[in-house]
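Residue numbers (this note's numbering): 1 to 1100.
Given below as C-alpha cells:
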C-alpha cells in the first residue's frame, strides 16, 4: 500500500495556486518546482507556535491592591478582571479572570503562595501562586447576595465575606465551601437602628482577641461581634457614613473615616461617643462651632511604632474650597501633618510594615499608593517622605503611545551606549533605600540576544527600551519637541491647523541600528533626522528645510512627463537637483489671493540649542501650506546612512532629501512618478475639497470620508471601529481613491533597477496605496569630500510592478535566499576632532554595502519580496518575472507585514485585520502558520502591532500596556524556564512574645479555635442556593506547569521511586502477613489432626 504524505500534497497545491499569477506575468513565470530546487527552505510549520509571553506597563484601570508582607509580593487587580503580580524588579506576572468582571478586592494568604480575588460579579477565586503561571484552584459564585468586603485574618483558613445586604458569610479557603455560620445584619444591629444599616464596608478581628469581630456598616454603625456567644458585644453609632475602619495594635482603640472628612477614634469599651474627632483638613473654627465639612476620607490606616508616635495615614478629606487641587495622601505623625500631592486620583493605598502580626507594633516603613495611572512608593523612615525610584516599566503611557517599533538581535554595543546617555537624564531626590517589594526569583535567561523597543508618543517624545530576555527597562528618552517654539500661554495653540491637539505627536519611526541614525515623522507634517553622539554640542542654527509638496492635476488624461505642475523642483526627473532648496523660513505667509502659502505648521527655534549626549538634530524638514491647502500627514518614511538620504511620502507625493548636503533631490506628485506609464484616468481636484489624509496615515486607517475633527484622535482612545471589516480593494472604480494615491512603503536597496541591468546599483523602491511599486535610480557621487560637493542624481527608472491592495513592505533576497539588508555607514563619533591621518582613512572608507558579489551569475541575481494588504509576490531580478505569488486574504486586509529572521532562515509574517497571524516561507511563500489570535477591536492595535526577528512580536494591548507574543515554537518551549517565580519558601517571622505578666494575669492575644465554631459539625451546612462552588483549572495545570526542566523531571522520578518503594513496602508487609496467616493455619490444622487422629467417625 502506497503511503500518502498530506503535507507534500498541500505544498503542491499552494505552489500550484501561486503559479497561476496574473495574465501579464504567467506567461513569463518559471515553474515553481525548478525554483525550489535552487533554494532549499529550512523552515517548516513545526518551527511555529503562537503564545503570549509577557505583559509590560502599568495595569490599565486599576481597582484593587494587596501586599504579602512575608513574601514581599504586590498584587493589583483591574476593572477588566486582570491581575498583575509584582516581585523584585524583573519578576512580574499577568493573569486574567475569564469573566472580565472588575476586581473589587484582593487578599493574600500570607506566606502561603495563594491569593483570593473578589469580583464585581459576586465571585470569589483562589489563585495558586506556587507555579510560574498562576491559575485558579477554586471559585465560589454568590447567587443571592452582592459581595462588598472581604477579610482573611493572618494564619486563618476562614474568610469573612460581607455583602450589600449587611450580612457576613464565612468561607473555608481550603475547600472553598461556605460555613453554616452566618452573621445576619438584623442580629448585629438589633434595636440600635430602626433602618437597614447599609452594606458591609469593613470587617476585621480585634488584634488581641480573635473571637471579637469588628463590622462596619455604610450608614455609620459599627458592631463588635462576639463569635462564640453569637451576639453583639458593643454597638457604636455615628451620624456620618463610614468609609473605612482601622485598629490600634493593642485592640483597645479603633479609628473610623467618614464621608464628611472627619476621623473618629473610639475606645472599644465606650460605645456611647468617640474618644476623639479629628478633621485633618478642616479649618479651625472658634466658639465651639462645627468645622466646615470636607470631602470624604476614603481610607484610613493606623500604624504604631515602638519608639515614637503612631502614624495615621489617609486619602481624601480635603476641604471643598480647594478647587483644582491635586489628590492627596495625608501622613499624620505625632504633631506633624504632611500632605503629599499625587499626579492622579488615588485608587487605594497600603502601609508596608515590618511584621505580619496585627497584635504587634507595626513599625511602618513605606506606603504603596496605587493611583489611576501610576504606582508610587513613599519612604516613611526618611525626612520629607521621599518616594522610591520605581524599577518597574510602568511609565510607557507617560504620554500616550502613538507608534511602536521592535528590534530583536540588534548590535550588542547599543544597549550599554543608550543606557549610558540615558543615565544622565535620571531625576534626583529619590529615597536612598532599596525598593522594598523584592519577592520571587528571576527565571533562567535562555535568550542571549539584545532586543530594543522604541515607542513614539503624543508629546513628541521617543523612548528606547531594553527588552532583552522578556524584561523591560527604559534606556533613553528623546524629546523631539525641543526644536520647535512652544506657545507662550495655554490658550494660544500652535499654528498647526491640521491637528486639534498634540502637534508634536510621533507618527512613524525609521531607525538604522548599525549606523544609529534615527528619523521620525510627526503629525504636523514634519520630519526630523537625528545623529547619535556621545558628546554634548551647541547648535547655533538648527538646520532646516521646507518642502512644498502639492498634488493638483489639471488634465483628465495622464499628464505628459515633460509638463509638470509648478513645484519647487521644476526640472525634469533626470535633473531635479539643479534647483537650490529653500533652506530658511519663508517670509511670505500668504499668496497673492490672500491664501495661506509657504508656511510650515510648526515654527523651528531660531535660538541656539544645547544638545546633550544621545540623539542630536541633524536636519528638520517641514512640509508647507500651498495656496491655502494644509500639508497632508506623512504616510511613509525611510532613511539610509550609506547614501545620506531620507525619503518620505504622503497622499500628495514623495520628497527625497540629501541630509548631508541639506538639499531636496526629488519632489514629485505621485502621478508624476509614473511619467507616461500612469495606468489611471485622473480627474482634476480642487485643493480644498478634501483635506483628510490617506488610508495609511496615523489617524485614519479607514478609507471612508472622515470629519476633520476625527482625523487626529489620540491612538490610545478606545474607539471600537467597525470599519476594519471592510475590504480595501485596488479596483480602479472610485475617482476619489485614484486622486488620493498615497505613498505607503519606501525601501532603499542595492539591486537591479531595470530589466537590462547587468549589475546592481543603489535605488529606491516606492510602494503606493493602489498597489503599484515604482523604482527610482540613485546615482551617488564618490565618498569623502566629493560626497558633500557633488550632487546626487535621481531619476525614475520606468520600472513598474503591480499588486492587489496597498503596498506594506519590501525586501530583497540574494540567490541563496538570504536577506540582503540595505547598505549602511557604520557609526562613528562625529563631534571629536581627529588626526589628519584618521580623517583621510575615514574619507576613503566606503559604506558597508551588502550587494551580491560579482562572481554570482548575472541572470536572476536577486528576488524582490513585496507584501501588500491582499497578497505577497516574489519577483526575480533583473528579469522582473513573478516567481511566486500568494493571496494572503480575500475578505480582510493585512495590517502589518514584516520580513523576519527565524532559526537561521527568513519568513514573511503578517497580521490581518480579521485577527489572523500568518507566516509564509521565503522565497516560495508556502503557508507555515495561520492562527486566529485576536480580532482588531481598535486603532491602537493596528497602529502598534509589529513583528521582529527570532519569532518575537508586540502590540499595545491597552493605553498603558505592551503585550509581547512569540510565534516561535522554540521560545514557547523555553518560556516556562524564562518566567520568574513568584513564590519562594520563606520562614514566617516569630509571633510577638506575650511577656511574663501578661501570661500570668491574662491579657495579650487571645486565640480562637475557628474550626470549632465554623466547621460543619458545629455550624452545619450553608444553604445550597446561596453560593455555587466551581472547581478551577489550576490544580492539575499547576502541576503540569511547575513540572518543567530537568529539576522537575528528577523530582518526578524521585516521587515515582518513592511511590514504587512505598508500594513494594506495602507488598512486603502483605506477603509477611500472608506467611504468618499461612503458618498459623498450618499449626491449627496440625492440632486438629492430632485431636481427631484416634477418634472413630461416630464420635465426631
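Positions of the beta carbon are idealized from the N, C-alpha and C atoms, including for glycine.
State the DSSP-derived secondary structure class of residue i, mapped to helix, strand or coil.
i, result
"residue 735", "Bear in mind that a pLDDT of 43 at residue 735, under 50, signals an unreliable position, so the number given afterwards is only what the model happens to contain. Reduced to three states, the DSSP call for residue 735 is helix."
"residue 742", "coil"
"residue 641", "coil"
"residue 179", "strand"
"residue 927", "strand"
"residue 514", "coil"
"residue 1113", "The displayed coordinates of the chain run from 1 to 1100. Any statement about residue 1113 would go beyond what the structure contains."
"residue 422", "helix"
"residue 786", "helix"
"residue 305", "coil"
"residue 941", "helix"
"residue 978", "helix"
"residue 410", "coil"
"residue 676", "helix"
"residue 1110", "The structure shown does not extend to residue 1110, since the chain is modelled only from 1 through 1100, so no value can be given for it."
"residue 1083", "helix"
"residue 336", "strand"
"residue 807", "strand"
"residue 799", "strand"
Can you say whether residue i is buried or exposed, counting buried as having 16 or more other CB atoms within 10 angstroms of its CB?
i, result
"residue 641", "buried"
"residue 384", "exposed"
"residue 1086", "exposed"
"residue 557", "Reliability fails at residue 557, whose pLDDT of 38 lies under 50, so the model's placement of it is uncertain and no value is given."
"residue 269", "exposed"
"residue 904", "exposed"
"residue 463", "buried"
"residue 449", "exposed"
"residue 441", "exposed"
"residue 42", "exposed"
"residue 788", "exposed"
"residue 1078", "exposed"
"residue 1084", "exposed"
"residue 359", "buried"
"residue 1112", "Past the edges of the chain, shown from 1 to 1100, lies residue 1112, and the structure says nothing about it."
"residue 655", "buried"
"residue 315", "buried"
"residue 978", "buried"
"residue 375", "buried"
"residue 324", "exposed"
"residue 932", "exposed"
"residue 429", "exposed"
Compute the beta-carbon to beta-carbon distance between residue i and residue j, rounded to the nearest angstrom, for a pair I have assumed lies under 8 Å.
i, j, result
"residue 342", "residue 369", "7 Å"
"residue 73", "residue 62", "16 Å between Cβ atoms; not a contact."
"residue 638", "residue 748", "6 Å"
"residue 230", "residue 257", "Not confirmed; about 29 Å, so no contact."
"residue 302", "residue 271", "About 18 Å separates the two Cβ atoms, so there is no contact after all."
"residue 120", "residue 104", "5 Å"
"residue 780", "residue 659", "Not confirmed; about 14 Å, so no contact."
"residue 617", "residue 546", "Going by Cβ atoms, the distance from residue 617 to residue 546 rounds to 16 Å, so no, they are not a contact pair."
Using the DSSP secondary-structure output, state which residues sit across from residue i in a beta bridge.
i, result
"residue 896", "911"
"residue 379", "366"
"residue 1078", "Beta-bridge pairing links residue 1078 to no other residue."
"residue 767", "745 and 773"
"residue 964", "954"
"residue 1088", "Beta-bridge pairing links residue 1088 to no other residue."
Which complete beta strand (DSSP E) runs does the region 345 to 370 hold, if anything under 3 residues is left out? Here the runs fully enclosed are 346 to 353.
Quick one: complete beta strand (DSSP E) runs, 3+ long, within the region 865 to 892? Under the rule that a run must span 3 or more residues, the beta strand (DSSP E) segments found entirely inside the region 865 to 892 read 871 to 877 and 881 to 887.
Which full runs of the beta strand (DSSP E) of 3+ residues lie inside the region 229 to 260, going along the chain? Complete beta strand (DSSP E) runs here, min 3: 231 to 237, 242 to 247 and 253 to 258.
Unbroken stretches of the beta strand (DSSP E), 3 residues or longer, contained in the region 624 to 670: With a minimum length of 3 residues, the continuous beta strand (DSSP E) runs that stay inside the region 624 to 670 are 636 to 640, 645 to 649, 653 to 658 and 663 to 669.
Complete alpha helix (DSSP H) runs within the region 513 to 545 (minimum length 4 residues, chain order): Within the region 513 to 545, not a single complete alpha helix (DSSP H) segment reaches 4 residues in length.
Unbroken stretches of the beta strand (DSSP E), 3 residues or longer, contained in the region 441 to 491: As far as the region 441 to 491 is concerned, its whole beta strand (DSSP E) runs of at least 3 residues are 451 to 457, 461 to 466 and 473 to 479.
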